[in-house]
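Some notes on the structure that comes next.
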Amino acid sequence: MSRLHNNLNKITKLDIAIIGGGSAGISLAAKLNNVSAVVVEPRTPIERDCSWALWANYAQKTQFQTAIKGSWQQWRVTDHHTEVLHSSDQFHYISLSSAKYMGQCEKNLAEGVDLIRATAEDILTEGIGGSFSAGGQQYKAEKIYDSRPLKVSEDSLKQHFLGWEIRTKAPISDPQIATLMDFRVDQSRGLHFIYVLPFSDRRLLIESTMISKKLEDKEWYRQAIYQWLKEQEIEIEETLAEETGIIPMQSINPLDIKSGAIGAASGAVRLSSGYAFASIQEQISKLAECISCGDFSVPAPIHPFLNHMDKIFNGVLMAHPELGVTIMMRTAKALDADGFARFMLGSATLIDWAKVILAMPKVSFLKQIFRQ
Ligand SMILES: Cc1cc2nc3c(=O)[nH]c(=O)nc-3n(C[C@H](O)[C@H](O)[C@H](O)COP(=O)(O)OP(=O)(O)OC[C@H]3O[C@@H](n4cnc5c(N)ncnc54)[C@H](O)[C@@H]3O)c2cc1C
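Numbering (the working numbering), first residue to last: 264 to 635.
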């Protein structure tokens, strides 16, 4: 472990620097040991708080225990014709407070690993390392990991949403079920659904989520939420918070990925679903293990086969937006709860894949396969 201060030029020399202390950056920093390192992040966990959800098995539920806001053994996907209800013993759908998760990671930083609450500037890379400034100080690191988000191009497919955390006037029915996608909303502008996580029978996170290229005016998502609540006869007593988000679902050209990129910047977002937390965790755990053995290369966050399948899926969605609801409903119907969780986590078995492929509208998918 080496941390050298060159007082003449005021340069701090480090083994490792991590730019960006979001999901990937702070998780990596918390796993480093016996190195001199910094993680540079301008925002506090509270300033950038949001909900991160994933399917977790028993071990992962225990791992994230202190940050869990809600946990559901049952989840549903609904359209005008059917409701698919999944109940799983193996996986729970859990929602984490990102602020609590990141705060915990910040507390767990080992000796020699520091958090710099500043923006990294003048980043110059040389091989796998480089130099930068942050908070008025100069740094030089043998290895730089970079989690700064990639630019979202205007013309690309994205998941965009606006959500509220609300307290309802009366207890809701079925607070034990998470609603992952309720498609009984306006489908005229893209694939649109309502997402509801009941944290209790009177406290909900409710989001209007779109998968399309074009962002909507904030009022559009709010109206969709109002309308859905009205139809479910749920009245708001208090709106506790509003959150918005844009998650790129574009395929990243491998040439655009910077050396040392980690997390979403390295392609960790599932192109078909926008979920990224689980694949980031897997990538960072593997990377930390490699670093402890002296190997600094970043593992691919998602298997190329999965990326390829997701590209086909997105291709069909862009060519035939009217098929979006059918594809999602058929996927949910084709799989049981555990298969669905595995599918969303990117760890589907061959049998899971076969069930999904057989359930898809064949002509559109075959055309897309030949187009790719
Ligand atoms: C609102 C929202 C909700 C989401 N919900 C889910 C979910 O439920 N489940 C799921 O699987 N995925 C979810 N995602 C997708 C994904 O999990 C997150 O985007 C995740 O935070 C990506 O982690 P990351 O570390 O790659 O990037 P980020 O968490 O975005 O971290 C990058 C960090 O870099 C910092 N930064 C930028 N420039 C600099 C600089 N020059 N110097 C220093 N720091 C810099 C930023 O402040 C930021 O904190 C969500 C995304 C959003 C936006």
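Just so it is clear, CB atoms sit at the ideal spot from N, CA and C, and this is done for glycine as well.
Check	Outcome
Just to confirm my understanding: we take Tyr356, look at its own chain, exclude 5 residues before and 5 after, and list those with CB closer than 7 Å. What are they?	Ala316, Trp318, Trp335, Trp338, Ala441
In the DSSP assignment, find the beta strand (DSSP E) that holds Lys477 and state where it starts and stops.	Lys477 -> no beta strand (DSSP E), and no H or E assigned at all.
Whole angstroms are fine: how far does the CA of Gln328 sit from the CA of Val298?	28 Å
May I have the straight-line CA-CA distance separating Lys596 from Ser555, to the nearest angstrom?	43 Å
State yes or no: is the C-beta of Lys406 within less than 8 Å of the C-beta of Asp558?	no
Pull up the distance between the alpha-carbon of Val588 and that of Ser396, whole angstroms please.	48 Å
Going by CA-CA distance only, name the one from Asp449, Gly333, Ala541, Lys414 that's closest to Thr585.	According to the sequence displayed, residue 585 carries Glu and not Thr. That would be Asp449, whose Cα lies nearest to the Cα of Glu585.
Measure the beta-carbon distance from Arg452 to Arg430 and round it to whole angstroms, keeping in mind my assumption that it falls under 8 Å.	That pair is no contact at about 30 Å.
Buried or exposed: which applies to Phe424, given that a residue is buried once 16 or more other Cβ atoms fall within 10 Å of its Cβ?	buried
Could you give the first and the last residue of the continuous alpha helix (DSSP H) run that contains Tyr364?	361-370
Whose CA, out of Thr612, Ile590, Phe606, lies closest to the CA of Phe628?	Ile590
Tell me, which residues are paired with Pro461 by DSSP?	Leu467
Just checking, does the segment 290-308 make contact with the segment 374-394 on the three C-beta pairs under 8 Å criterion?	yes
Under 8 Å, do Glu428 and Leu468 count as touching if we go by C-beta distance?	yes
Per the contact definition of three or more C-beta pairs closer than 8 Å, is the segment 562-571 in contact with the segment 517-535?	yes
Whole angstroms are fine: how far does the CA of Ile457 sit from the CA of Ile488?	7 Å
Note down the Cα distance separating Lys370 from Ile282, rounded to an integer number of angstroms.	18 Å
What does the Cβ neighbour count give for Glu498, buried or exposed, with the cut at 16 atoms within 10 Å?	exposed
Go through the segment 284-351 residue by residue and report every complete run of the beta strand (DSSP E) that reaches 3 residues or more, in order.	300-303, 314-319, 331-335, 337-341, 346-350
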